[in-house]
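Here is the structure we will look at.
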Amino acid sequence: MATSRKSSNGTSTKSGSSGRQKPGSGGQGDYYHVEVREGDGFETFRTQDVGDAGHLQRVGGKRASGSWATVKWLISKEDAHVEDGKLVGDTKEARDLIKKLGSQPVQVRGDRFKAQDRRNVAEKSKPTAAQTRARRQNIKKAQAARQNG
94 MATSRKSSNG
104 TSTKSGSSGR
114 QKPGSGGQGD
124 YYHVEVREGD
134 GFETFRTQDV
144 GDAGHLQRVG
154 GKRASGSWAT
164 VKWLISKEDA
174 HVEDGKLVGD
184 TKEARDLIKK
194 LGSQPVQVRG
204 DRFKAQDRRN
214 VAEKSKPTAA
224 QTRARRQNIK
234 KAQAARQNG
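Per the numbering used here: the sequence shown = residues 94 to 242.
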C-alpha cells in the first residue's frame with residue numbers, strides 16, 4: 094500500500110519514488126539479500142534469526158489475508174561469497190539454505206540476488222518419502238530416549 098508524501102517543492106509523490114535505494118543494492122552492507130518473492134503484496138515484515146544469531150535471517154511478510162510467507166533471506170557475508178554472479182555458501186548452513194531454494198541465486202545488483210522459493214508440494218501427495226523417513230527417525234529417537242532415560 095503506497096502512501097502519498099509531500100515533497101519539498103509542495104508536489105505530491107508516491108513513497109518509493111523518493112530516490113531511496115533498495116536495501117542491498119549498494120553492495121556495502123553485511124548481508125547478501127536473496128529475494129524469493131516480490132514484497133509488493135505484503136503489509137508487514139518481520140526478520141528472524143535462523144540458527145546462530147546474525148548469520149542467516151529470514152524476512153517474512155504478512156499479507157492482507159493474514160497469511161505469512163518468506164519474502165527474502167539474508168545471508169551474512171561471513172557465510173558466503175559471490176562467484177561469476179552466483180552466490181556460493183562457505184558454511185554448511187549457508188550451503189544448505191542455497192540448496193533448499195528452488196533455484197541458484199543470481200546477482201541482480203550489488204548485494205541483491207534473485208532466486209525461486211522451494212516448490213510447493215500439493216497436500217494430496219503428502220506425506221512425501223522424506224517426511225515419512227524423518228517421522229520414523231524421530232520416533233526411533235524418542236523411543237531410545239525413553240529407554241535410556
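Using N, Cα and C, we set each Cβ at its ideal position, and we do this for glycine too.
Item	Value
With a threshold of 8 Å, are at least 3 pairs of Cβ atoms found where one atom belongs to the segment 177 to 196 and the other to the segment 144 to 164?	yes
Considering only residues of the segment 158 to 228, which uninterrupted beta strand (DSSP E) runs meet the minimum length of 3 residues and lie entirely inside it, listed in chain order?	161 to 169, 173 to 176, 179 to 182, 199 to 202 and 205 to 207
Give me the DSSP bridge partner(s) of Glu128.	Lys165 and Lys207
When you compare each of Arg205, Gln209, Phe138 and Gly203 to Gln197 by their alpha carbons, which one comes out closest?	Gln209
Hey, would you say Val181 sits closer than 8 Å to Val164, going by beta carbons?	no
Mapping the DSSP letters down to three states, classify Arg239 as helix, strand or coil.	helix
To the nearest angstrom, how far is the alpha carbon of Tyr125 from that of Arg239?	43 Å
Flag this pair as yes or no: are the beta carbons of Arg130 and Ala157 separated by less than 8 Å?	no
Answer with buried or exposed for Ile191, where buried requires no fewer than 16 other C-beta atoms within 10 angstroms of its C-beta.	buried
With distances taken from CA atoms, which of Ser160, Arg202, Lys155 and Ser169 is nearest Asp142?	Ser169
Determine, using beta carbons only, whether Gly154 and Phe135 come nearer to each other than 8 Å.	yes
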